[in-house]
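Comments concern the structure below.
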Amino acid sequence: MVIRLCVKAALEGCYTSLIFNPRFVVGVNQKYGHEPTDWKGKWFPNAPKELALEAGETVNNVDNALPVDDTKEKKSSRVPMGIENPDCDDAKHGLAIDFDPYNVTHSTVYMCLEPKADYKGDYNMDAVITEHNVPSAYVANHRCMNSSIEYLERIPSYGTHRPLWPKYGEYRYVPPQRWLHNSEHGAVDELKRIVKDCLYRHVITPSQLPSKDRPFALVTWHATLEFSVLERKIVESFIEKYALTGPEQTHRDGQYEHLLLEPAKVVSTIDDSVLCPKKQRD
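Written as structure tokens, this is what we have:
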């Protein structure tokens, strides 16, 4: 669960209005099914092949994403995922560049330090889905721990990430440079009381990325759902549509497990063949 408040505190009092709200999802930036290939004019805001360069911008002007035309040529040089390498990423050393689980000063990112009154649910605030049209040839880079990763999106749903991903489950906190990799595998960061009954491949973490207006967010590869008041049907519909759309479909568990509170449990099958099996069907 990517939320602006602490997960436990939000469900026990920081967020005071967890009441179902029968509103409709409002879609923005929706993906169109066909794009002209012979267009000679200008694109707004950019050409499709340049979209890959928008996500996961790194410091020192290091290229984060691969242009579509160069993907095949450079794919062999991509850092392999899921392999512990002390010279790159072993999920144990150099963690402070993203988040240091052993440094108490870093803990402010998941503590409830702001007034609870700022996070009362607004029943007039529609849920919003943001879907990015990521080119099919786009391949996200795996960045070693010697380089920082910064995202242009407020809540990233694609882009460069670390080679080793978190074990599935609920955390006290996971930095986005880690959980974004899980999204690429088809994971979704979700409200814990629903997600644990919907799918095995999930990561739940507090975050400061969502806004005060919509302090709850679900994140899958290329799509996000943000909302103010919980509406179960919208959440389950988002999971069923987007949860298994990541390009790297794997049920392999991750290697990063710092501040893991509860490992995920298989719901239907290990590859989530049935999403939200306990959902009340119409």
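Take the sequence shown: its letters are residues 1211 to 1492, numbered as in our numbering.
Glycine included, each C-beta is placed from N, C-alpha and C at the ideal position.
Note that this is a predicted model, so its numbers are computed, not measured.
{"Asked": "Please report the straight-line C-alpha distance between residue 1309 and residue 1425, rounded to a whole angstrom.", "Found": "21 Å"}
{"Asked": "One question on the structure: do residue 1414 and residue 1381 come within less than 8 Å of each other, judged by their Cβ atoms?", "Found": "yes"}
{"Asked": "For the segment 1366 to 1379 against the segment 1312 to 1329, do three or more pairs of beta-carbon atoms, one drawn from each stretch, fall closer than 8 Å, so that the two count as touching?", "Found": "no"}
{"Asked": "Does the Cβ of residue 1419 have 16 or more other Cβ atoms within 10 Å, making it buried, or fewer, making it exposed?", "Found": "buried"}
{"Asked": "Report the residue from 1453, 1327 and 1411 whose alpha carbon sits nearest the alpha carbon of residue 1423.", "Found": "1327"}
{"Asked": "Measuring alpha carbon to alpha carbon, tell me which of 1453, 1489, 1468 and 1470 ends up nearest residue 1482.", "Found": "1453"}
{"Asked": "Compute the distance between the beta-carbons of residue 1355 and residue 1298, then report whether it is under 8 Å.", "Found": "yes"}
{"Asked": "Go ahead and pull the three-state DSSP assignment for residue 1328.", "Found": "helix"}
{"Asked": "I'd like the span of the alpha helix (DSSP H) that includes residue 1348, first residue to last.", "Found": "That residue, residue 1348, is in no alpha helix (DSSP H); it is neither H nor E in DSSP."}
{"Asked": "So for residue 1316, helix, strand or coil by DSSP?", "Found": "helix"}
{"Asked": "Counting only runs of 3+ residues fully inside the segment 1388 to 1423, write out the beta strand (DSSP E) ranges in chain order.", "Found": "1413 to 1416"}
{"Asked": "What is the DSSP secondary structure of residue 1452, reduced to helix, strand or coil?", "Found": "helix"}
{"Asked": "Taking only the alpha-carbon atoms, compute the straight-line gap between residue 1322 and residue 1330 and give it to the nearest angstrom.", "Found": "14 Å"}
{"Asked": "On the DSSP letters alone, give me the boundaries of the beta strand (DSSP E) that residue 1470 sits inside.", "Found": "1470 to 1473"}
{"Asked": "If contacts are defined as beta-carbon pairs under 8 Å, then residue 1288 and residue 1352 qualify, I think. What distance do you get, rounded to the angstrom?", "Found": "6 Å"}
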